[in-house]
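Chemist: Can you keep this structure in mind? I'll have questions shortly.
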Amino acid sequence: MNEFEAGRPVVLRGGTVLPMDGRRVLAGTDVLVSGDRIAAVGPGLAAPAGAAEIDASGGIVMPGMIDTHRHMWQTALRGYGADWTLTQYFVWFYLEHGKLFRPEDVHAGNTLAAIEALDAGVTTVVDWSHGLRTPDHADAAADALQAVPGRYVLAYGNIQQPPAEWTTAPEFRDFVRRRITGNDLLGFQLAFDVLGDPSFPEGPAFEVARDLGVPVTTHAGVWGATGDDGIRQMYEHGFMTPGTIYVHAASLSADSYHRIAATGGSISVSTESEQSAGQGYPPTWAVRAHGIPVSLSMDTSVWWSGDLFSAMRATLGADRSREHLEAHAKGETVTHCALRADQVVDWATRGGARAIGRDDLGTIEPGKKADLVLIKNDASPVSFPLLHPFGHVAFQAQRGDVHTVLVDGRVVKHRHRLLGIDLAAARAQADRTVEYLRSTMGEEAWEKGMNPDIPATKILDNPYTYTDFRSDSTHRL
Ligand SMILES: [Zn+2]
Numbered sequence: 328m329n330e331f332e333a334g335r336p337v338v339l340r341g342g343t344v345l346p347m348d349g350r351r352v353l354a355g356t357d358v359l360v361s362g363d364r365i366a367a368v369g370p371g372l373a374a375p376a377g378a379a380e381i382d383a384s385g386g387i388v389m390p391g392m393i394d395t396h397r398h399m400w401q402t403a404l405r406g407y408g409a410d411w412t413l414t415q416y417f418v419w420f421y422l423e424h425g426k427l428f429r430p431e432d433v434h435a436g437n438t439l440a441a442i443e444a445l446d447a448g449v450t451t452v453v454d455w456s457h458g459l460r461t462p463d464h465a466d467a468a469a470d471a472l473q474a475v476p477g478r479y480v481l482a483y484g485n486i487q488q489p490p491a492e493w494t495t496a497p498e499f500r501d502f503v504r505r506r507i508t509g510n511d512l513l514g515f516q517l518a519f520d521v522l523g524d525p526s527f528p529e530g531p532a533f534e535v536a537r538d539l540g541v542p543v544t545t546h547a548g549v550w551g552a553t554g555d556d557g558i559r560q561m562y563e564h565g566f567m568t569p570g571t572i573y574v575h576a577a578s579l580s581a582d583s584y585h586r587i588a589a590t591g592g593s594i595s596v597s598t599e600s601e602q603s604a605g606q607g608y609p610p611t612w613a614v615r616a617h618g619i620p621v622s623l624s625m626d627t628s629v630w631w632s633g634d635l636f637s638a639m640r641a642t643l644g645a646d647r648s649r650e651h652l653e654a655h656a657k658g659e660t661v662t663h664c665a666l667r668a669d670q671v672v673d674w675a676t677r678g679g680a681r682a683i684g685r686d687d688l689g690t691i692e693p694g695k696k697a698d699l700v701l702i703k704n705d706a707s708p709v710s711f712p713l714l715h716p717f718g719h720v721a722f723q724a725q726r727g728d729v730h731t732v733l734v735d736g737r738v739v740k741h742r743h744r745l746l747g748i749d750l751a752a753a754r755a756q757a758d759r760t761v762e763y764l765r766s767t768m769g770e771e772a773w774e775k776g777m778n779p780d781i782p783a784t785k786i787l788d789n790p791y792t793y794t795d796f797r798s799d800s801t802h803r804l
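Heads up: the sequence shown begins at 328 in my numbering, then just goes up one per residue.
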């Protein structure tokens, strides 16, 4: 019997609750969930008869995390591109092999990505799904998202066709009519990039989004691909809206940031991605000065981890690193960190909710949707002492510490185990996709794709000589 059967109220007892309404921390506090909502927050709550009790003592209860940009369809290739640059990614996915993906491969990626997100306490994901080259691919993507518990926004895209073409195709309209039905667990956006062509060929795709009343999400400020021209065109044509999510926004001028700030959009920062792929420096250090709302994202599991603990950690590090560097360049010293741990936890929760226009998500308050995470791992030496809960989330915790996850009031992970998830089936699906891609590409292309050439590095001449060191053959550089 499932101790968390549908409709049974749940109470999380005695946790350290982060309501995410500022820097408030509520120690020894209960959270009562009834139906799909948070019913009450406080110490010693009286729970209805028959409520399931979860001991949250020693743990942190926070809102479910929200990832605002993840290419879930690519997850069946987990880790394949660990050593890629953005150029290599574009060549592999956009030009050479992305079109090999069949609907079942999109399904395999989305299924695994959805399970992976839940496991890590990410209860909402914007699926930046730009591999939808036929309606069958789109159906497969939506089928997978609807088969795994969790909240998703399908951001529909197709890198194999110009946006003005696929958005105006009758089969796209038909998909929207059939599949996007106002389901609270499946939102919808359009996903395409604005390349800065003076004729602004993306215009008709924006018109479609406006007509459907759905937001656009766009990779903006990507070095060598999208930049200030695209932002200016969107602005001049009146397509920058509060619902627009600008992904990366890393290689942009202050003028573009002003336009984003003035039109109310938000920026989705994928720090791990920007740091190693080359879109530009992770921009939080710059956009903070413009007051632009920020959310966090992981981009793709082809390179990076699918959990937002990594995103919070990397973002704090990159922001502070840049502040120190900028100061050092002026001969100055940073004595106080401007970006605090609670701010990145806010970006991973409430920031994501704001970005997708969901004010019923991202905080722990009565009446809000019950998307919750309990971080607790009694067997871990890293679980105590719990002194600075925001710092604990950002710098100490990791996905293995996610003890319990609720989505829409439903317990989907408990005692570190996913409930009602068929991991074996997901594994078999991913295996089939890997096998298919590998055999279709051929062994040589597969290996070459995963192991790009390494540029030669010349060891610099050194004016100092350490005779003893050099004579010691056991030392290697
Ligand atoms: Zn992306």
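Backbone N, C-alpha and C fix where the C-beta goes; we use that ideal spot for every residue, glycine too.
Note that the structure is a prediction, hence the values are computed from the model and not measured.
Please classify M328: is it buried, with 16 or more other beta-carbons within 10 angstroms of its beta-carbon, or exposed?
Modeler: On the sequence shown, position 1 is the one that residue 328 refers to. Residue confidence is low: M328 scores 46 on pLDDT, short of 50, so the model does not pin down where it sits. Its coordinate-derived value is still stated next. Flag for M328 reads exposed.
Chemist: Within the continuous alpha helix (DSSP H) that includes P790, where are the two ends?
Modeler: Counting from one through the sequence shown, the residue named residue 790 turns up at place 463. Counting along the chain, P790 falls outside any alpha helix (DSSP H), and DSSP gives it neither H nor E.
Chemist: With C-beta atoms as the reference, is Y483 less than 8 Å away from S456?
Modeler: Residue numbering aside, residue 483 sits at position 156 when the sequence shown is read from its first letter. Residue numbering aside, residue 456 sits at position 129 when the sequence shown is read from its first letter. Yes.
Chemist: Taking only three categories from DSSP, how would you classify Q670?
Modeler: For the purposes of this step, residue 670 is taken as the residue at position 343 of the sequence shown. Here Q670 sits in helix by DSSP.
Chemist: Give me the Cα-Cα distance between E563 and E529, rounded to the nearest whole angstrom.
Modeler: Translated into the one-based positions of the sequence shown, residue 563 becomes position 236. Translated into the one-based positions of the sequence shown, residue 529 becomes position 202. One C-alpha to the other measures close to 13 Å.
Chemist: State the DSSP-derived secondary structure class of H585, mapped to helix, strand or coil.
Modeler: Start at 1 with the first residue of the sequence shown, and residue 585 comes out as number 258. Of the three classes helix, strand and coil, the one that applies to H585 here is helix, per DSSP.
Chemist: So, helix, strand or coil for V807, using DSSP?
Modeler: Given a span of 328 to 804 for the chain in the structure shown, any question on residue 807 remains unanswerable.
Chemist: Check for me: the beta strand (DSSP E) holding A366 runs from which residue to which?
Modeler: Reading the sequence shown from its first residue, position 39 is the one you call residue 366. Counting along the chain, the beta strand (DSSP E) containing A366 begins and ends at 364-369.
Chemist: At which residues does the alpha helix (DSSP H) containing W773 begin and terminate?
Modeler: Along the sequence shown, one-based indexing puts residue 773 at 446. Element bounds for W773: 770-777.
Chemist: Which runs of the alpha helix (DSSP H), 4 residues or longer, sit entirely within the region 521-549?
Modeler: Whole alpha helix (DSSP H) segments, 4+ residues: 530-539.
Chemist: With a Cβ-Cβ cutoff of 8 Å, do D394 and A444 count as a contact?
Modeler: By one-based count along the sequence shown, residue 394 stands at place 67. By one-based count along the sequence shown, residue 444 stands at place 117. A contact, by the Cβ cut-off of 8 Å.
Chemist: Would you check whether ligand 1 has a heavy atom nearer than 7 Å to the C-beta of W630?
Modeler: One-based indexing of the sequence shown puts residue 630 at position 303. No, the beta carbon of W630 sits no closer than 7 Å to any heavy atom of ligand 1.
Chemist: To test your reading of the DSSP string, which unbroken beta strand (DSSP E) runs of 3 or more residues are found completely within the region 719-751?
Modeler: Runs found: 729-734, 737-741.
Chemist: Once the 5 residues before and after R647 are set aside, which same chain residues still bring their CB inside 7 Å of it?
Modeler: The count along the sequence shown starts at 1 and reaches residue 647 at position 320. C664, L666, listed in sequence order.
Chemist: Using the three-state DSSP reduction, which class does H424 fall into: helix, strand or coil?
Modeler: Start at 1 with the first residue of the sequence shown, and residue 424 comes out as number 97. Of the three classes helix, strand and coil, the one that applies to H424 here is helix, per DSSP.
Chemist: Using alpha carbons as the reference points, say which of P542, G406, P336 lies closest to W305.
Modeler: The first residue shown for the chain is 328 and the last is 804, placing residue 305 beyond what the model contains.
Chemist: In chain order, what residues of the same chain have a beta carbon less than 6 Å from the beta carbon of A435, not counting five sequence neighbours either side?
Modeler: Locating residue 435 in the sequence shown gives position 108, where the first residue counts as 1. Around A435: A403, Q756, A757, T760.
Chemist: Run through the DSSP bridge pairs and tell me what L472 is partnered with.
Modeler: Against the sequence shown, residue 472 aligns to sequence position 145. DSSP output for L472 lists no bridge partner at all.
Chemist: Alpha carbon to alpha carbon, what distance is there between M399 and T461?
Modeler: Here residue 461 corresponds to residue number 134 of the sequence shown, with the count starting at 1. Here residue 399 corresponds to residue number 72 of the sequence shown, with the count starting at 1. C-alpha separation (whole angstroms): 17 Å.
Chemist: Report buried or exposed for V661, applying the criterion of at least 16 other Cβ atoms within 10 angstroms of its Cβ.
Modeler: Counted from its first residue, the sequence shown places residue 661 at position 334. Burial call: exposed.
Chemist: So does V574 have its beta carbon nearer than 7 Å to some heavy atom of ligand 1?
Modeler: Residue mapping note: residue 574 aligns to position 247 of the sequence shown, counting from 1. Yes; taking the cut-off as 7 Å, the Cβ of V574 has a heavy atom of ligand 1 nearer than that.
Chemist: In whole angstroms, what separates the C-alpha of E807 from that of T545?
Modeler: Residue 807 cannot be examined here, being either before or after the span of the chain that is shown, 328 to 804.
Chemist: Thinking C-beta only, is V360 closer than 8 Å to F344?
Modeler: The residue given as residue 344 occupies position 17 in the sequence shown. The residue given as residue 360 occupies position 33 in the sequence shown. Before going further, note that residue 344 is Val rather than Phe in the sequence given. Contact flag unset, no.
Chemist: Apart from the five residues just before and just after Y416, which ones in its own chain have a Cβ nearer than 7 Å to its Cβ?
Modeler: What you label residue 416 is simply residue 89 of the sequence shown in a count that begins at 1. Excluding positions up to five away in sequence, the list reads G408, A604.
Chemist: Please return the same chain residues whose Cβ sits closer than 7 Å to the Cβ of P620, not counting the five positions on each side in sequence.
Modeler: On the sequence shown, position 293 is the one that residue 620 refers to. Excluding residues within five positions, the ones whose Cβ falls inside 7 Å are S593, G678, R681, A682.
Chemist: Put F515 into one of helix, strand or coil per three-state DSSP.
Modeler: In the sequence shown, the residue the question calls residue 515 occupies position 188. F515: strand per DSSP, three-state reduction.
Chemist: List the endpoints of the continuous alpha helix (DSSP H) containing W612.
Modeler: Walking along the sequence shown from the start, residue 612 turns up at place 285. That run of the alpha helix (DSSP H) goes 611-614.
Chemist: Tell me whether N437 sits in a helix, a strand or coil according to DSSP, three-state version.
Modeler: In the sequence shown, the residue the question calls residue 437 occupies position 110. Looking at N437 - three-state DSSP - the assignment turns out to be helix.
Chemist: Between W455 and ligand 1, is there a pair consisting of the residue's CB and a ligand heavy atom that are separated by less than 7 Å?
Modeler: Sequence index remark: in the sequence shown, residue 455 carries index 128 (1-based). At least one heavy atom of ligand 1 is nearer than 7 Å to the Cβ of W455, so yes.
Chemist: Can you tell which of I786, L787, A772 has its C-alpha closest to the C-alpha of D780?
Modeler: If you number the sequence shown from 1, residue 780 lands on position 453. Ranking the options by Cα distance to D780, first place goes to A772.
Chemist: Taking the alpha carbon of E332 as the point to measure from, which residue in A379, T590, Y791 has its own alpha carbon closest?
Modeler: One-based indexing of the sequence shown puts residue 332 at position 5. Of the listed residues, the one whose Cα sits closest to E332 is A379.
Chemist: Taking 7 Å as the cut-off, is the CB of D626 close to at least one heavy atom of ligand 1?
Modeler: By one-based count along the sequence shown, residue 626 stands at place 299. Indeed, a heavy atom of ligand 1 lies less than 7 Å from the Cβ.
Chemist: What is the DSSP secondary structure of E332, counted as helix, strand or coil?
Modeler: Locating residue 332 in the sequence shown gives position 5, where the first residue counts as 1. Looking at E332 - three-state DSSP - the assignment turns out to be coil, as it is neither helix nor strand.
Chemist: Near L372, which residues of its chain fall below 7 Å by C-beta distance, leaving aside the five closest residues on each side in sequence?
Modeler: Mapped onto the sequence shown, residue 372 falls at position 45. Hits under 7 Å: V338, D357, L359.
Chemist: Per DSSP, which one or two residues make a beta bridge with Y480?
Modeler: Here residue 480 refers to the residue found at position 153 when the sequence shown is read from its first residue. Residue 480 is actually Val in this sequence, not Tyr. Looking at the DSSP assignment, V480 forms a beta bridge with V453, G514.
Chemist: Can you grab the Cα-Cα spacing for the pair W411 / M777, in whole Å?
Modeler: In the sequence shown, the residue the question calls residue 411 occupies position 84. In the sequence shown, the residue the question calls residue 777 occupies position 450. Cα-Cα distance, rounded: 8 Å.
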